[in-house]
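First residue of the sequence shown: 1, per the UniProt record's numbering; consecutive thereafter.
Even glycine gets a Cβ: it sits at the ideal position worked out from N, Cα and C.
Values in this document were obtained by computation on a predicted structure and should not be read as measured data.
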Amino acid sequence: MYRKLYFSAARSLKLKVNSTWTHISISRDAILRAKSVRWSQCKLASSAGNNDRSVVVRDLFEKVTDKNKQTYLDMVKIFESRGIHRRGHVEFIYSAMKHMEEFGVEKELQVYKALIDVLPKGRFIPTNIFQAEFMHYPKQQQCVIDVLEKMENNGVIPDLEMEDILVNIFGRKGHPVRKYWRMMYWMPKFKNISPWPLPRPVPQDSQLLARLALTRMSSVDLQTSVCTYQTSAHADSLDDTWVVSAQSPLQRKLLDAHPHNVPVYVEGAFLVWLREAPVNYFILRAEARPRPRHEPADPDDVSSLRDPFSEEGAGEYVPPTVHEQDDGTILAMCATGTSSRDSLLSWVRLLERDGNPALGHLPVLFKLRSPLGELATLEEDQTRIQAPGSEGA
């Protein structure tokens, strides 16, 4: 390219004298000045073309009123039908990736395959080992790697058809194909590795989400029962909502053995995520009891064997239960539909009625994080709030 600019600058400085071409001495500065002028003009033209192309790509997705999967695929087909060269395909793919969440297609495998299939076939295949290792056409390869990264972040596992598409575009030595092979090795292994599988997609019902979250957290005790209450079952309840509660028989025993002069605490809201769905939950906690000092014994030491039939068991060490942690004892867990103080008070009363009579004699303190939901201002009700004595003024 520089050679062409050199000769074009030299030709522009020739002079025609007496119908014949006479060469004059050309300085290096004159050639570089002419070359820089031509190079700057090329850069301006290229940047102007890129700006126009970005505007066109952006308008393709922003002007759509009905945003769904089908219209998204139609936008991709419109771009493919513009020409065989498909200029601006990298900018189009990046712009399309930014609008995936708006169209709700960030978890659709068909959409990712359609985006990658936009690139022309055969042009980016490396022909030798140096092109393969030094990332031949790096802009296009990095663009497709970003598409595969977005797939991985959204938990979308590619299929064999995507491998054929990538091989036709970049060859078997391309970096996107290597990325695809790594994804196909690891993602199926991690897909079903969780012992608490969740449905796909995650349900939108908040009550079902709360039940799934409490079932997952309370699985440390296999005897834990998860039940659903209605606050309307309590006569003094103000909120009419649901309460999902989790408690085991062992936790009921710990609650019955709790001293009546020591308070228990309702704490929260804590946050747990079920993929993209957050769930707020609360716990009923008591202060941790002091544990007796115990020297751990070596189970392989046979020098001093104990006779369990002749020795007294009064001094035996009783290990703490799974609910007795260092920062406190977990007595119950719940999630409510409103996460309000009144719904938590109804939960405590319903627990008392459902096999926990000790709660009627224990002081219960609420240690809640505020705010739990959206902030509410008093500007709307300011006209209805009057200070004491304002009526007589």
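- By the neighbour-count definition (other C-beta atoms within 10 Å, threshold 16), R349 is a buried residue.
- Selection Y72, R306, H175, R252 evaluated against Q140 yields H175 as nearest (Cα-Cα).
- Sequence-distant partners of M151 (beyond 5 residues in either direction) whose C-beta falls short of 7 angstroms from its own C-beta, in its chain, are Y112, P158.
- Under the three-pair Cβ rule at 8 angstroms, the segment 236–252 counts as touching the segment 326–336.
- Your pair I116 and L160 does not check out as a contact, with CB atoms roughly 14 angstroms apart and the cut at 8 angstroms.
- Each of D74, E101, S232, T215 was checked against the Cα of S225, and the nearest Cα belongs to T215.
- Straight-line spacing of the CA atoms in D327 and W196 works out to 26 angstroms.
- Under DSSP, the beta-bridge partners assigned to M333 are A246, I283.
- Contact check between the segment 202–216 and the segment 179–190: fewer than three CB pairs, one atom from each, fall below 8 angstroms, which does not count as touching.
- Using a 10 angstroms sphere on the CB of F124, the tally of other CB atoms reaches 16 or more, which defines it as buried.
- If you look at K189, you'll find it in the alpha helix (DSSP H) that goes 175–191.
- Secondary structure of S95 (DSSP, three-state): helix.
- When the alpha-carbon of H234 is set against those of L345, R369, S95, F79, the nearest one is in L345.
- In summary, G268 is buried, with 16 or more beta-carbon neighbours lying within 10 Å of its beta-carbon over all protein chains present.
- The segment 281–293 and the segment 252–272 touch, with no fewer than 3 CB-CB distances between them shorter than 8 angstroms.
- Residue pairing of Q325 in beta bridges, as defined by DSSP: G328.
- For V272, the enclosing beta strand (DSSP E) covers residues 264–274.
- Three or more pairs of CB atoms, one per stretch, sit closer than 8 angstroms, so the segment 359–368 contacts the segment 248–262.
- DSSP, read as helix, strand or coil, puts L351 in helix.
- Sequence-distant Cβ neighbours of D164 in its own chain, meaning closer than 7 angstroms and more than five residues away, do not exist here.
- Between L250 and T329, the CB-CB gap reaches or exceeds 7 angstroms.
- According to the DSSP secondary-structure assignment, C227 is paired through a beta bridge with S245.
- Residue pairing from DSSP places A277 in a beta bridge opposite L274.
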